[in-house]
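The opening position of the sequence shown corresponds to residue 1 in our numbering, with each subsequent residue numbered one higher. Each residue gets a CB set at the ideal place from its N, CA and C atoms; glycine is no exception. Remember, predicted model here, so these are calculated numbers, not experimental data. Here is the structure we will look at.
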Amino acid sequence: MNFLENLQSLDFNDIGRWPFLFRALFVSLFFIVATGGGFYYFVYDSQMPRLERAEQEETELRLSFEQKQKKAANFDAYKEQLAEIEHSFGTMLRQLPGKTEIPNLLVDISQTGLAAGLQEELFQPMAENQKDFYAEKPIKIRLKGKYHEFGKFVSDIAALPRIVTLHDIAITQASGGESSSGELILNVTAKTYRYLDEDGVENAG
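Here is the structure:
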């Protein structure tokens, strides 16, 4: 009787009468299955959530490390960019006149219109408007002249060393018989700005 015939003839209700070899194999197989089941239930199944959390934490730490590494690698570039921003901001602040320079700037604006060949009909500085760190000084201006002279005036205003912006621009034809000569009226609000230091902010309040 060969091995397969012996295996088929085994009676699972009477394991005690099995040949020694088959009993040893059965016991070994039973321990292997029991050990595997115990390992899965008591070790693998209970420790799996901890393993998954550890893997997730590892992924998050890896991403955090990569981000910090990139920032560290770009730190010098960030410093240079910040220095450029501070330099640009300082340059812009220097273009804002101090309180004592405002009268001279108003004269410059007025003379710019005259130098462009325009006739000044109104030049009315208005009250300052206080902002966060600067004050806005509007000036209502009415000029008479020709279209290309207006263009020169706008161009020369933009070329001033101090910041001056033009708002509410309106061009109409001059009234009366002068309209035939091509003269126009320019109504515009020019705004200049000055930097408010701490003393200026306190005085404004």
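If we count the other Cβ atoms within 10 Å of its Cβ and call it buried at 16 or more, is S179 buried or exposed? Note on S179: pLDDT 48, under 50, position unreliable in the model; no value is reported.
Pull up the distance between the alpha-carbon of A116 and that of D168, whole angstroms please. 20 Å
Cβ-heavy atom distance, N187 to the ligand MN, below 7 Å: Absent from the structure shown: the ligand MN. Ligands present: none.
Host beta strand (DSSP E) of K137 (start-end): Y134 to G145
Thinking C-beta only, is V164 closer than 8 Å to I157? yes
Cβ pair K191, E120 closer than 8 Å: no
Is it buried or exposed, R153, if we count other Cβ atoms within 10 angstroms and call 16 or more buried? It is worth fixing the name first, because residue 153 is Phe in this sequence and not Arg. Label assigned to F153: buried.
Is it true that the CB of F133 sits closer than 8 Å to the CB of Y195? yes
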